[in-house]
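Please read the structure below before turning to the comments.
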Amino acid sequence: MQSYINHLLSDIAEACREERPETYSSASAENDVEAVERYFEEVERWLENEPEHDFSYYSGLQKEQFPPAEKLTDEQMESVSLAFEKLLFTWNIGVEMPEKLPAPQKYNLLVSVLERKVAIVENGFETIEFCSYDPPSCPFNEWCTCKELGLKDHYDDDGEDVDPDSIPF
Numbered sequence: 001m002q003s004y005i006n007h008l009l010s011d012i013a014e015a016c017r018e019e020r021p022e023t024y025s026s027a028s029a030e031n032d033v034e035a036v037e038r039y040f041e042e043v044e045r046w047l048e049n050e051p052e053h054d055f056s057y058y059s060g061l062q063k064e065q066f067p068p069a070e071k072l073t074d075e076q077m078e079s080v081s082l083a084f085e086k087l088l089f090t091w092n093i094g095v096e097m098p099e100k101l102p103a104p105q106k107y108n109l110l111v112s113v114l115e116r117k118v119a120i121v122e123n124g125f126e127t128i129e130f131c132s133y134d135p136p137s138c139p140f141n142e143w144c145t146c147k148e149l150g151l152k153d154h155y156d157d158d159g160e161d162v163d164p165d166s167i168p169f
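Quick note on numbering: the sequence shown equals residues 1 to 169 in UniProt numbering.
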C-alpha cells in the first residue's frame with residue numbers, strides 16, 4: 001500500500017496550483033485604484049454567486065483515488081492529510097478542524113472536500129468549516145469545537161435544543 005500512497009502523494013503535489021505573481025505589488029506599474037477595484041469585483045462575485053465547481057474540478061483529483069481510511073495506517077493518513085492541506089493552501093483554501101482530531105476522521109473530512117463546491121479566490125482565503133455549531137450533529141463528535149464555545153450547556157441530554165435566544169451569539 002505504501003507504494004500507492006507515494007504515488008498519491010505525487011499526484012497531490014502535481015495538483016498544487018503554481019505560484020502566481022502577486023496580484024498587486026508596489027514594484028509593479030499597476031495603479032492602486034485598479035488593484036482595489038479588482039479586489040472588490042472578486043468580493044462581489046463571491047457574495048453574489050454560489051461556487052460552480054467542486055474542488056476535484058480544480059485539482060483534477062477524484063475521491064476514488066483515495067483509499068478507505070481502514071486500509072491505511074495512521075502515519076499514511078497523516079502524510080496524505082498534510083499533503084492535502086498544503087494542496088488546499090495553494091488554492092487559497094483552508095480548513096477548520098480541531099488539532100487533536102484522530103487521523104481517520106481528519107483524512108475522511110479532507111477527502112470529502114473534493115466533492116464540495118468551492119470558490120477559488122485570488123485575494124484572501126476561503127475557509128471550509130465542517131462544524132455547523134450544532135453539537136449533536138457535529139462531525140467532530142467528542143472533539144467538537146462547539147463545546148469550547150459553551151454551546152453544550154444549551155442542549156438537553158436528549159439532544160433537543162433550548163431557547164435559541166439563550167445562545168451567546
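Built from N, CA and C at the ideal position, the CB exists for glycine as well.
Nearest-angstrom Cα separation, counted from residue j out to residue i
i, j, result
"F125", "E44", "15 Å"
"N49", "I120", "12 Å"
"K117", "S10", "24 Å"
"L82", "T145", "21 Å"
"S56", "P67", "16 Å"
"S132", "W143", "14 Å"
"E52", "V95", "19 Å"
"I12", "E41", "31 Å"
Buried versus exposed, by CB contacts within 10 Å (16 or more), residue i
i, result
"V80", "buried"
"I59", "Note that residue 59 corresponds to Ser in the displayed sequence, not to Ile. Buried, since its Cβ has 16 or more Cβ neighbours within 10 Å."
"Q76", "buried"
"K100", "exposed"
"E97", "Sequence check: residue 97 is Met here, not Glu. Classification for M97: buried."
Extent of the continuous beta strand (DSSP E) to which residue i belongs
i, result
"T127", "E126 to E129"
"E96", "I93 to E96"
Whether residue i touches residue j by CB criterion (8 Å)
i, j, result
"L88", "A15", "no"
"L114", "K71", "no"
"L110", "E78", "no"
"D134", "A103", "no"
"T90", "R17", "yes"
"P136", "F130", "no"
Whole-angstrom C-beta distance between residue j and residue i, which should lie under 8 Å
i, j, result
"N123", "Y39", "5 Å"
Boundaries (first-last residue) of the alpha helix (DSSP H) holding residue i
i, result
"M1", "It is not in any alpha helix (DSSP H) - M1 carries neither H nor E in the DSSP assignment."
"L72", "Premise fails: L72 is in no alpha helix (DSSP H) and is neither H nor E."
"S112", "A103 to S112"
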